[in-house]
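Take 16 as the starting number for the sequence shown in the numbering used here and just add one per residue.
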Amino acid sequence: MKILQEEGHDQKNINQSIQFLSKNNHISIQSSGDLQILKYQNQEDLQHLNEARNKLSQDEYKVYECIFNSKKKGVDKREIDHQTGIFSGIVTKVLKNLEKLSIIKGVKGLKARSKGKVYLKFDIEIDNDIEGAAIFMKEGKIDDDLIKKYTSQIIEEIENNSKVSLDKLTSCLRVIDSNLDTSAVQRLVNLLIFDDVVEEIKSDIGGQSMYQLCNWVNVKNRNLDPPPLTKTPCGHCTLIYECRPGGIISPENCVYFENFADW
Numbered sequence: 016m017k018i019l020q021e022e023g024h025d026q027k028n029i030n031q032s033i034q035f036l037s038k039n040n041h042i043s044i045q046s047s048g049d050l051q052i053l054k055y056q057n058q059e060d061l062q063h064l065n066e067a068r069n070k071l072s073q074d075e076y077k078v079y080e081c082i083f084n085s086k087k088k089g090v091d092k093r094e095i096d097h098q099t100g101i102f103s104g105i106v107t108k109v110l111k112n113l114e115k116l117s118i119i120k121g122v123k124g125l126k127a128r129s130k131g132k133v134y135l136k137f138d139i140e141i142d143n144d145i146e147g148a149a150i151f152m153k154e155g156k157i158d159d160d161l162i163k164k165y166t167s168q169i170i171e172e173i174e175n176n177s178k179v180s181l182d183k184l185t186s187c188l189r190v191i192d193s194n195l196d197t198s199a200v201q202r203l204v205n206l207l208i209f210d211d212v213v214e215e216i217k218s219d220i221g222g223q224s225m226y227q228l229c230n231w232v233n234v235k236n237r238n239l240d241p242p243p244l245t246k247t248p249c250g251h252c253t254l255i256y257e258c259r260p261g262g263i264i265s266p267e268n269c270v271y272f273e274n275f276a277d278w
C-alpha cells in the first residue's frame, strides 16, 4: 500500500480496491502488529482449503492451512504455534493426527531455523534446502544413522581439541566422506548447537568462529539433562535481536517465555 501511495494513488481508491479483491477471495488480509499484510490467494488453493475446512475440525484446519501455505519450504512447530495461536500441546496432538491420516508429513530439518521437524503437505516433494543437502538423503528421506555418524565425529573432534574451527571440522569429516562441503558441515554443527551439545564462540584472533562442547555436556554420559537455564526460549529464538520491551516482538507478548515461566 505504501508503494501505491508513493505513486500518487488515492487512499480511498486503494481501500476500495483492497475490499473488492478481499471480498472476491483474490487476496487475504493478515495483521502483524500495526501492519496489514496483503497476500494473493490462488483460486485452486482456495478451493482445496475450503474442502479441507469441511473435513477437519477447527484446530486441525488452522494447523493444516498454516502448513499448506508454507508450500515446499515447510514450517516448524514453533511457527505453527505462533501463526495459529493454538495452545502448543493441542498443536502437537493435531500434528500427530494429521500425520496418521497422511495429510501432512514431518521431516527432520537440517536448516538453522529448525530444531525439530519441518511439516509439509503430504504430497509435496521436499525442498532440498529444508533437508540441508542431498548427501544426507537416502531413498528420498533423511538418513538419521548417517547424520548421527557425522555428528558423533564432530563431538569427538571437539572433545579431543577443546575448540575447533569449521574448516578443521570440515577437513575431519571429509576423510569420512569427500563429498561433504563446508555448508553441509555447518548444518550438522547447527543441529548440535540447537541440541545444546555444542556452542559457538569467537576466537581472540581475527574473530573467527570456533566451536566447543557446552559446559553441561558429559561426554561419557550424553543422557545427562542440561540445566534449565540453557533451555530458556530466548536462547533459541530467531527473533531475539528484534525483541524489545514495548515493540511488536517483545517479552510482554512472548507466549514461549510465558510457557517457560509457568514450567
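Glycine included, C-beta positions come from ideal geometry on N, C-alpha and C.
Among the options, the one whose alpha carbon lies nearest that of residue i
| i | options | result |
| --- | --- | --- |
| D60 | S180, L110 and C81 | C81 |
| L53 | I42, Q62 and H63 | I42 |
| N65 | L50, F83 and Q51 | F83 |
| A199 | D74, Y165 and S218 | Y165 |
| F151 | F137, R202 and S85 | R202 |
| E171 | L135, K136, K86 and V212 | V212 |
| E214 | S37, I169, K111 and I191 | I169 |
| N112 | Y76, K86, K87 and R93 | Y76 |
| K86 | N57, S72, D25 and E267 | N57 |
| D210 | E267, L110, S167 and V109 | S167 |
Residue i versus residue j: straight-line alpha-carbon distance, rounded
| i | j | result |
| --- | --- | --- |
| C269 | G104 | 17 Å |
| R68 | D91 | 21 Å |
| V78 | I139 | 16 Å |
| K132 | E174 | 28 Å |
| I208 | K70 | 40 Å |
| S218 | I29 | 53 Å |
| F137 | H63 | 14 Å |
| D98 | G261 | The question names Asp, yet the displayed sequence has Gln at residue 98. Approximately 20 Å between the Cα atoms of the pair. |
| Q31 | K38 | 10 Å |
| C258 | R93 | 16 Å |
| S265 | D192 | 44 Å |
| K27 | I216 | 53 Å |
| D25 | S72 | 42 Å |
| L36 | K115 | 37 Å |
| T197 | E267 | 39 Å |
| T107 | S186 | 39 Å |
| V190 | Q223 | 23 Å |
| V109 | N176 | 44 Å |
| N236 | N230 | Reliability of the predicted coordinates at N236 is poor, the pLDDT of 47 falling under 50, and the value obtained from them is presented with this limitation in mind. The alpha-carbon atoms of N236 and N230 are separated by roughly 13 Å. |
Under 7 Å between C-beta atoms of residue i and residue j
| i | j | result |
| --- | --- | --- |
| M225 | K183 | no |
| L188 | L195 | yes |
| I95 | D74 | no |
| Q34 | I44 | no |
Distance between beta carbons of residue j and residue i, contact taken as under 8 Å
| i | j | result |
| --- | --- | --- |
| L181 | V204 | 7 Å |
| Y134 | G89 | 6 Å |
Short CB-CB distance (under 7 Å) between residue i and chain B
| i | result |
| --- | --- |
| K38 | No chain B is part of this structure, which consists of one protein chain only. |
| said: Could you check whether the segment 158–174 touches the segment 107–122, counting it as contact only if at least three pairs of C-beta atoms, one from each stretch, sit closer than 8 Å? | reply: With a cut-off of 8 Å, the segment 107–122 and the segment 158–174 do not count as touching, because too few Cβ pairs lie within range.
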